[in-house]
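Protein chains in written order, with this note's numbering: chain A, 351 to 796; chain B, 628 to 1017.
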């Protein structure tokens, strides 16, 4: 009952100008805190949570979009460039948000559990890694034995072309993988996708012979990035260097650029998802998710619909893969292990299966937990270890604490706990998907 | 004695042994025949000449001389897979649910057993133990591993799966993945905090590392047959467990209840069967088998880490699907076939592809089989139809 009463109180408060005031205050306070204290995790949390008040408080949509654009396009890049660590966190959040949104199409809309989602990510990443590096000329050399100055196969700007190519290749991979298992119950699909994820990783690890396609466990580097025009850096510097306090270097500018790319992908996914959700296909997906037999009875071609969902989800992962390869300039098979797949799945489930804002929230929460909270906790424990402090009651000296206890390395524990707790207590996620009524009357569908 | 025999269903004791013999010998014979024919065919091609240039031995005699060892290794690992696969298949039979955490139950069994042995070693009783005592200690370790794993399986079911019994299918599956991840890191945490390291090595004691060897001449080729005591222990222990399980399921009252619940849970409960208790028992039995399999695996491969459960778990699941999930005989057959296939692939792939692909692909071999099975025979070799009407 507490939840409903809280909701009532919140709704009562959330009227009129209150929304505008809270949003503005939160954004300004967050930005100021991060700006003035570039090392504080707490300040960053206050700042990033302003997106939450932007979502929850009631205000005019145009106002919300304006504030959102200001945040995404101006404040975040400026703050990120001022403190590169924040930009890294934000970039990771946007990468994982895009991946989770892609997985959400498969898991959330169609109800197909895909446990090997990063395999498609890997397909995209290796695609660009192969064509956007010197790997083509390394084919006949064992890893580590290639001559030093080999030419690049393609210019860096082919990156843009490969965004498209990756979408197509990943979609085809998804369809090929989905074909044999779509007729079976969902849990088979889960295991087969899991297996596929491992197959891709093992292939990436071992295809350095007989011909050296992937360079094995060492991974491929350097991978090219698209060229950055001089004037962009100059423009950014002339606009913001005063606020930032120093001139921005090219490398940092690249990070900003990839953040924007990820943002574009997120917007594209949201757009595609929303449009699909309102279309015949989206309704067919929902029908397949809710009851396959009933869906067949309605004349929905369920295998085709499932494959479509699978392909759409895969293509977004492929796209993000190209982005990852270019932004990191280095990829290795270990970036695509099973834990990554489960991590993305945990984000979807934590946020709310099928819910776009929920999934983004899930990605943000888990990435921050992973990159900031767990690591912060590790550092804190390390400090304690070096101090002479003693736990009072049980008389345990922190010095004696095993060095194995390093919270940053226990992500699986975190993901596992989140999955179990969410499934038992709140399977619909933090921000549940709104079940829209699809009645006869057109007005109510809005 | 006579009184006792009357209550003992002898048929159910003999039947599984017969099955196991038939399955092992049959699949070993079929696979050996295939590989030998393949070797004969490829002997005169580039593959054969490459081997002659490298090792100065013809492909056929290379294949033949390695064959006995490969078959024995394959059967050993196959029985371990079968023991794990039975845990999957029993739970699936009762709840139609893939117990993803079963691979970690297996890992916990391995760790508990190995830690018990390491503890015995620090007490100093292992090094000078006679052969009889060595087997007694090993049995003790297996027993404790089984108890720990079985208890854990029941606990996991109570805490994580029971509240989700009536939820949509993917909900318990997701929870099971969560349990699997959680347990992996919990093992790591406990091991890290108590011993400071999480790669554990099983102590050497007794005569487990001895090999019984024999020689045999077959035409021009000399066959060296060597079987380590370890392999015999693994196979014997697995066979004993499988026979006991078969007896439990097919010849006791509890087993009848388990079968009833897996046929129709609601009707079974109407017949006065305590469904919750039967499900707990199912998890317990699966856990006992998994835990013992864990220690047997550790005995065979000596080194364990908190993530050892993953691949055996996946392969055992594949074995269960291959045999027909929900079907216990199928799981046995699937485990044996998969163990053999994998060992054959691991040993011969390198030679047959001229070094292009080797044993590093062993681990994904199971997945290829899984996908092939799902395309061509989704109900498995011995199972009922599992395809959703499409």
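Ideal Cβ placement from N, Cα and C applies to all residues, glycine included.
### Message
Using a Cβ-Cβ cutoff of 7 Å, what residues of the region 527-539 of chain A are near chain B? List them in chain order.
### Response
Correct list: 530, 531, 533, 534, 535, 536, 537, 538.
### Message
For a contact defined as C-beta to C-beta under 8 Å, what are the partners of residue 765 of chain A on chain B?
### Response
The answer, in chain order, is 805, 808.
#### Entry: Contact belief for residue 607 of chain A with residue 578 of chain A at Cβ below 8 Å, rounded distance in angstroms
At roughly 7 Å, the Cβ-Cβ gap stays under 8 Å, so residue 607 of chain A and residue 578 of chain A are in contact.
### Message
For the region 480-494 of chain A against the region 570-587 of chain A, do three or more pairs of beta-carbon atoms, one drawn from each stretch, fall closer than 8 Å, so that the two count as touching?
### Response
In this structure the region 480-494 of chain A touches the region 570-587 of chain A; the number of beta carbon pairs closer than 8 Å is three or more.
### Runs of alpha helix (DSSP H) lying entirely within the region 650-703 of chain B, each at least 4 residues, in chain order
Uninterrupted alpha helix (DSSP H) stretches at least 4 residues long and entirely within the region 650-703 of chain B occur at 673-682, given in chain order.
### Task
With a 10 Å radius around its C-beta and 16 neighbouring C-beta atoms as the bar for buried, classify residue 769 of chain A as buried or exposed.
By the neighbour-count rule (16 or more Cβ atoms within 10 Å), residue 769 of chain A is buried.
### Query
Taking 8 Å as the CB-CB cut-off, is residue 749 of chain A touching chain B?
Chain B, which has no Cβ nearer than 8 Å to the Cβ of residue 749 of chain A, makes this no.
### Task
Could you list the residues in the region 953-973 of chain B with a C-beta less than 7 Å from some C-beta on chain A, going in chain order?
So nothing in the stretch comes that close.
### Message
Can you check which of these residues, B:642, B:729, B:973, is closest to residue 939 of chain B by C-alpha distance?
### Response
Per the Cα distances, B:729.
### Query
Would the region 731-743 of chain B and the region 970-978 of chain B be scored as touching if the rule is three or more Cβ pairs under 8 Å?
The region 731-743 of chain B is not in contact with the region 970-978 of chain B.
### Message
DSSP three-state label for residue 851 of chain B, please.
### Response
Of the three classes helix, strand and coil, the one that applies to residue 851 of chain B here is strand, per DSSP.
#### Entry: chain A within 8 Å of residue 796 of chain B, Cβ atoms only
Using beta-carbon distances, residue 796 of chain B counts as an interface residue toward chain A, with a partner under 8 Å.
### Task
Please classify residue 1003 of chain B: is it buried, with 16 or more other beta-carbons within 10 angstroms of its beta-carbon, or exposed?
By the neighbour-count rule (16 or more Cβ atoms within 10 Å), residue 1003 of chain B is not buried but exposed.
### Query
Count the other CB atoms within 10 Å of the CB of residue 709 of chain A; is the residue buried (16 or more) or exposed (fewer)?
So residue 709 of chain A counts as buried.
### Query
For residue 961 of chain B versus residue 712 of chain B, is the C-beta distance shorter than 8 Å?
In this structure, residue 712 of chain B lies closer than 8 Å to residue 961 of chain B by Cβ.
### Query
Along chain A, which residues have their Cβ under 8 Å away from the Cβ of residue 987 of chain B?
Neighbours of residue 987 of chain B on chain A, chain order: 552, 555, 556.
### Query
Who are the Cβ neighbours of residue 793 of chain A in its own chain at under 8 Å, not counting the five residues just before and after it?
A caution first: residue 793 of chain A carries a pLDDT of 44, below 50, which makes its placement in the model unreliable, though a value can still be read off. In its own chain, leaving out the 5 sequence neighbours on each side, no residue places its CB closer than 8 Å to the CB of residue 793 of chain A.
### Query
What number of angstroms, rounded off, separates the C-alpha of residue 736 of chain A from the C-alpha of residue 727 of chain A?
One C-alpha to the other measures close to 14 Å.
### Task
Determine the direct distance from the alpha carbon of residue 715 of chain A to that of residue 890 of chain B, and round the result to whole angstroms.
Residue 890 of chain B and residue 715 of chain A have their C-alpha atoms spaced approximately 43 Å apart.
#### Entry: Beta-carbon proximity list for residue 882 of chain B, same chain, < 6 Å, skipping 5 on both sides
Result list for residue 882 of chain B: 875, 876, in chain order.
### Task
From the DSSP output, in three-state form, read off residue 827 of chain B for me.
Looking at residue 827 of chain B - three-state DSSP - the assignment turns out to be strand.
### Task
Mind listing, in chain order, the continuous alpha helix (DSSP H) runs of no fewer than 4 residues lying wholly within the region 708-785 of chain A?
Qualifying alpha helix (DSSP H) stretches, in chain order: 724-736, 761-775.
### Message
For the structure I just gave you, are there three or more beta carbon pairs, one from the region 776-783 of chain B and one from the region 915-935 of chain B, closer than 8 Å?
### Response
Remark: three or more beta-carbon pairs, one from each stretch, lie closer than 8 Å, so the region 776-783 of chain B and the region 915-935 of chain B are flagged as touching.
### Query
Measuring CA to CA, which of A:481, A:373, A:448 is closest to residue 616 of chain A?
Considering only A:481, A:373, A:448, the residue with the shortest C-alpha distance to residue 616 of chain A is A:448.
### Message
Can you list, in chain order, the residues of its chain with a C-beta nearer than 6 Å to that of residue 854 of chain B? Leave out the 5 residues immediately preceding and following it.
### Response
Counting only Cβ-Cβ distances below 6 Å, and skipping sequence neighbours, we find 699, 839.
### Query
In whole angstroms, what separates the C-alpha of residue 475 of chain A from that of residue 680 of chain A?
Cα-Cα distance, rounded: 10 Å.
### Message
Once the 5 residues before and after residue 397 of chain A are set aside, which same chain residues still bring their CB inside 8 Å of it?
### Response
Sequence-distant partners of residue 397 of chain A (beyond 5 residues in either direction) whose C-beta falls short of 8 Å from its own C-beta, in its chain, are 380, 381, 383, 384, 429.
### Message
With three or more beta-carbon pairs closer than 8 Å as the criterion, would you say the region 620-632 of chain A touches the region 491-510 of chain A?
### Response
Result no; under three Cβ-Cβ pairs closer than 8 Å.
### Task
Give a yes or no on contact between the region 692-708 of chain B and the region 851-867 of chain B, applying the rule of three or more CB pairs nearer than 8 Å.
Two segments are said to touch when three or more pairs of C-beta atoms, one from each, lie closer than 8 Å; by this definition the region 692-708 of chain B touches the region 851-867 of chain B.
### Query
Any idea what DSSP makes of residue 699 of chain A, helix, strand or coil?
Correct three-state label for residue 699 of chain A: helix.
### Task
Decide if residue 389 of chain A is buried, meaning its Cβ has at least 16 other Cβ atoms within 10 Å, or exposed.
Exposed, because fewer than 16 other Cβ atoms sit within 10 Å of the Cβ of residue 389 of chain A.
#### Entry: Contacts around residue 748 of chain A, its chain only, beta-carbon distance under 6 Å, and the 5 residues preceding and following it disregarded
If we look at residue 748 of chain A and ignore the five residues flanking it on each side, its Cβ neighbours are 734, 735, 739.
### Query
When the cut-off is 8 Å and only beta carbons count, does residue 782 of chain A lie next to chain B?
At least 8 Å separates the CB of residue 782 of chain A from every CB of chain B.
### Task
Verify whether the separation of the beta carbon atoms of residue 543 of chain A and residue 473 of chain A is less than 8 Å.
No.
### Task
Give a yes or no on whether the minimum CB-CB distance between residue 682 of chain A and chain B is below 8 Å.
By this cut-off, residue 682 of chain A is not an interface position.
### Query
residue 778 of chain A CB to nearest chain B CB: under 8 Å?
By this cut-off, residue 778 of chain A is not an interface position.
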